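Here the protein sequences line up with chains H and G, keeping their order. Per our numbering, the first sequence starts with residue 79, numbered consecutively. Per our numbering, the second sequence starts with residue 79, numbered consecutively.
Number of protein chains: 2
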Amino acid sequence: MAGIKDVADRAGLSIATVSRALSGKANVSAKSRKLAKTAAAELGFVPSYHASSLASGRNHNVGLVLPSVHRWYFSSVLEGVSATLLDAGYDLTLYNVGDQAVRRESVLNDFLLRKRLDAVIAVALVLTDDEIQQLLAIHRPIVGIGGALAGASTIRINDSGLSRMATNHLIQLGHTRIAHLTGDPALNQDFKLPGIRQAGFEAAMKDAGLSIRPEWQISADFTIQGAYASARRLLGMGTERPTAVFAASDEMAIGTILAARDFGLRVPHDLSVIGMDGHELGEVFGLTTINQDARGQGALAARLLLETLDAGTPAGNDGAATDREYPTELVIRTSTAVPPA
Amino acid sequence: MAGIKDVADRAGLSIATVSRALSGKANVSAKSRKLAKTAAAELGFVPSYHASSLASGRNHNVGLVLPSVHRWYFSSVLEGVSATLLDAGYDLTLYNVGDQAVRRESVLNDFLLRKRLDAVIAVALVLTDDEIQQLLAIHRPIVGIGGALAGASTIRINDSGLSRMATNHLIQLGHTRIAHLTGDPALNQDFKLPGIRQAGFEAAMKDAGLSIRPEWQISADFTIQGAYASARRLLGMGTERPTAVFAASDEMAIGTILAARDFGLRVPHDLSVIGMDGHELGEVFGLTTINQDARGQGALAARLLLETLDAGTPAGNDGAATDREYPTELVIRTSTAVPPA
DNA sequence: ACCATGACTGCAAGCGTTTCCACAGGTCAG
DNA sequence: CTGACCTGTGGAAACGCTTGCAGTCATGGT
Chain H
79 MAGIKDVADR
89 AGLSIATVSR
99 ALSGKANVSA
109 KSRKLAKTAA
119 AELGFVPSYH
129 ASSLASGRNH
139 NVGLVLPSVH
149 RWYFSSVLEG
159 VSATLLDAGY
169 DLTLYNVGDQ
179 AVRRESVLND
189 FLLRKRLDAV
199 IAVALVLTDD
209 EIQQLLAIHR
219 PIVGIGGALA
229 GASTIRINDS
239 GLSRMATNHL
249 IQLGHTRIAH
259 LTGDPALNQD
269 FKLPGIRQAG
279 FEAAMKDAGL
289 SIRPEWQISA
299 DFTIQGAYAS
309 ARRLLGMGTE
319 RPTAVFAASD
329 EMAIGTILAA
339 RDFGLRVPHD
349 LSVIGMDGHE
359 LGEVFGLTTI
369 NQDARGQGAL
379 AARLLLETLD
389 AGTPAGNDGA
399 ATDREYPTEL
409 VIRTSTAVPP
419 A
Chain G
79 MAGIKDVADR
89 AGLSIATVSR
99 ALSGKANVSA
109 KSRKLAKTAA
119 AELGFVPSYH
129 ASSLASGRNH
139 NVGLVLPSVH
149 RWYFSSVLEG
159 VSATLLDAGY
169 DLTLYNVGDQ
179 AVRRESVLND
189 FLLRKRLDAV
199 IAVALVLTDD
209 EIQQLLAIHR
219 PIVGIGGALA
229 GASTIRINDS
239 GLSRMATNHL
249 IQLGHTRIAH
259 LTGDPALNQD
269 FKLPGIRQAG
279 FEAAMKDAGL
289 SIRPEWQISA
299 DFTIQGAYAS
309 ARRLLGMGTE
319 RPTAVFAASD
329 EMAIGTILAA
339 RDFGLRVPHD
349 LSVIGMDGHE
359 LGEVFGLTTI
369 NQDARGQGAL
379 AARLLLETLD
389 AGTPAGNDGA
399 ATDREYPTEL
409 VIRTSTAVPP
419 A
């Protein structure tokens, strides 16, 4: 293992100059820089991150905390964050904490706080005030995506308003018997999102003077297969059926469409389905949905952090904790139409 | 930020003793240990990872290199690796290099080699001999999953044999007009898998004396939507149709089933479809497939590395580079049957 | 001809741990 | 009673860089 010392010797320069040359700092003559670079290349020298982090205080490493890596939204965010960080020369440390709160705590205590991360991105994770304070106390900027993080910057979509919009789309088509497929209660603990979307749905229904039937408020785990099972239960209930379903995610909307097909229901003729996300698979099913660019949200979060870090806001100046709304769009495809006569 | 020095002062011990006490080393009296621990807790002390890594040479950090995070196989592996590492107190650094080889190189040079990783897991990535040698030269164990890594340990399934098995399943049912849906040529660069699976298919066909029609050898990008489009093309060709399709992944098999439904073809009555993976969604479609436990493969890879690291095989003793085959099982559901009369 | 200026460079002091080593007491067999 | 040993402990040397500081040497204005 060649160290910087070896490079210095080989190049006939001092350690200090080599360090400056290789890290692209100013005040190094072109000649020295070239000398250092060739020597480093010849020796296959790569600086030790630990040593340089220790000495400089910057780690070039951002932590990403996710509840899942399988669900579309999260893997999309991950993709956006990852690409942005890689291009910027930053490492991405992933904490896939799962839905269980158990692991969460240990992640926070044992990992996040160990000053090895320059910043943290938390997705759909409601951190307690204490937890946020701990992180900010260490002078680590935090950005939350899709979750409300008091005191930290946040990127999110207007979940409540968009749910209203989706519901209104169905109402305007003339539907009155509308079901809502939301997230499982268990998912509502950390990730308050299901509740918020559900509230938007209820508000829109109330505003339109429509009644909400409890038996048409069903839940699933945000996966296609989970929603498929729930939707089969909904559609097979034997009593009157809804003419439209608003699913809290595209994956769940797709599960609903698959269930409808199994029952011989034509979408949208017999059943309208609207989702929310912008899943790539939506096109195959002609799914009407609200497009939120999850990948873009991840990329934006990463960019924001990098700017903060590069701006050198060296310590704790968390800047103004901005709360920005990410743009979305209603994409009308062929899964929604007027209700059957 | 409290340092170990502060803890030592508060506990009335020396830095050395505190360090030993907190990291659970021997030769510390019970009293001193308790003293150190309470002092550390009171000060909210957390050791600096960089400093301790620098001093001890162990980073407690494993790198995972993936070509994608969206496709089922990869996110499943990721999940397995992540859970195992988190439980062991290790960090996971994720390199989502994408399908483009461009980013790959930079990841290798700029990231992997910076001695900040204790080990590397590479999924479906064919590293060149040089690249492997570089890593091994740094004394970092590597485990490859699903890809042939000369010189490194590997976990994989018998892709060629399993493809044969899948194809034979169709042949034994009486099918003779069998199509194969493989990965896009672009994906075959790094990730030779499509070619290997295709070879298995061809071998089985040849052994059975069946002819392989070039126009029934189609490809897609391993996603449902991509396979859906390709399968529509296949099924809509107007000429004679295949009676069965072997798709190189479950996601592609599902895309095929969706396309078949669009054409009014009943699965399995009019068209048998077999996949390969064990995707959770397979159940919804009654998909016959070969179950490979991707999550388990990831977990196993992580466990193997942890053992190697903990065994203290301190440097370069790469152990015997084992190449182990992960167990799989043929899961027969309802997407395959005898061909139409 | 002289000094201020600025571009380069090297020395050495950290960065915050881990760990080698020496050393102080106490235990125990001979 | 003594030397061999073991358990705990603290001092201090790494670990491999970054960076403040001071010093060297041309340069150019006056």
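Beta carbons: idealized from backbone N, C-alpha and C, even for Gly. None of these values were measured; they are calculated from a predicted model.
Considering just the uninterrupted stretch of the alpha helix (DSSP H) at residue i, what are its terminal residues?
i	result
G/F38	Past the edges of chain G, shown from 79 to 419, lies residue 38 of chain G, and the structure says nothing about it.
H/T116	108-121
G/A419	No alpha helix (DSSP H) holds G/A419; DSSP gives it neither H nor E.
G/L144	Per DSSP, G/L144 belongs to no alpha helix (DSSP H); it is in the beta strand (DSSP E), 139-144.
H/L89	A small fix is needed here, since residue 89 of chain H is Ala in this sequence, not Leu. 82-89 is the span of the alpha helix (DSSP H), which, as asked, contains H/A89.
By how many angstroms is the C-alpha of residue j removed from the C-alpha of residue i?
i	j	result
H/Q382	H/L164	Checking the sequence shown, residue 382 of chain H turns out to be Leu, not Gln. For H/L382 and H/L164, the distance between alpha carbons rounds to 15 Å.
G/G314	G/A322	14 Å
H/G167	G/F123	30 Å
G/R402	G/G224	11 Å
H/N174	H/G261	19 Å
G/T424	G/S153	There is simply no residue 424 of chain G to check, as chain G begins at 79 and stops at 419 in what is shown.
H/P392	H/T232	Confidence in H/P392 is poor, its pLDDT being 41 and thus under 50, which makes the residue's placement too unreliable to answer from.
H/P292	H/D208	37 Å
G/Q212	G/N139	18 Å
G/E157	G/P145	15 Å
H/V345	H/L359	16 Å
G/A228	H/R136	36 Å
G/T366	G/A331	9 Å
H/D328	H/S413	12 Å
G/R319	G/L312	8 Å
G/L408	H/R310	27 Å
G/R218	G/V204	17 Å
Going by C-alpha to C-alpha distance, which of the options sits closest to residue i?
i	options	result
H/R88	H/A118, H/L384, H/G374, H/R149	H/A118
G/V198	G/L170, G/D208, G/V175	G/L170
G/H357	G/A166, G/R218, G/R373, G/A309	G/R373
G/A86	G/R111, G/G102, G/K103, G/A104	G/R111
G/P418	G/L343, G/N236, G/E120, G/S231	G/L343
H/T400	H/K115, H/S107, H/A230, H/G176	H/A230
H/S97	H/G90, H/I249, H/A114	H/A114
H/Q370	H/V147, H/G364, H/D355	H/D355
G/P272	G/T254, G/M243, G/F300	G/F300
G/G278	G/A326, G/S308, G/R311, G/L408	G/A326
H/R149	H/S308, H/I302, H/L384, H/A338	H/I302
H/Q295	H/F324, H/V416, H/A94	H/F324
Consult DSSP for residue i and reduce its assignment to one of helix, strand or coil.
i	result
G/Y306	helix
H/Y404	coil
G/D207	helix
G/F324	strand
G/N246	helix
G/I332	helix
H/G376	helix
G/G239	helix
H/T386	helix
G/A94	helix
G/V124	coil
H/D348	coil
H/L343	coil
H/G158	helix
H/G360	helix
G/D165	helix
H/L172	strand
H/S147	The residue you asked about is not Ser; residue 147 of chain H is Val in the sequence shown. Coil at H/V147, not helix or strand.
Residue range of the beta strand (DSSP E) that residue i falls in?
i	result
H/R234	231-234
G/V221	220-223
H/L259	256-261
H/A197	197-201
G/N369	367-370
H/S297	295-298
Checklist entry - When you check each C-beta in the region 267-290 of chain H against every C-beta of chain G, which residues fall closer than 9 Å? => result none
Checklist entry - In chain order, what residues of the region 143-158 of chain G put their CB closer than 7 Å to some CB of chain H? => result V147, H148, S153, L156, E157
Item to check | Cβ-based contacts, 7 Å cut-off: residues of the region 89-123 of chain G near chain H | outcome: none
Checklist entry - Got a sec: which bits of the region 333-359 of chain H sit with their beta carbon under 8 Å from any beta carbon on chain G, in order along the chain? => result G333, L336, R339, E358, L359
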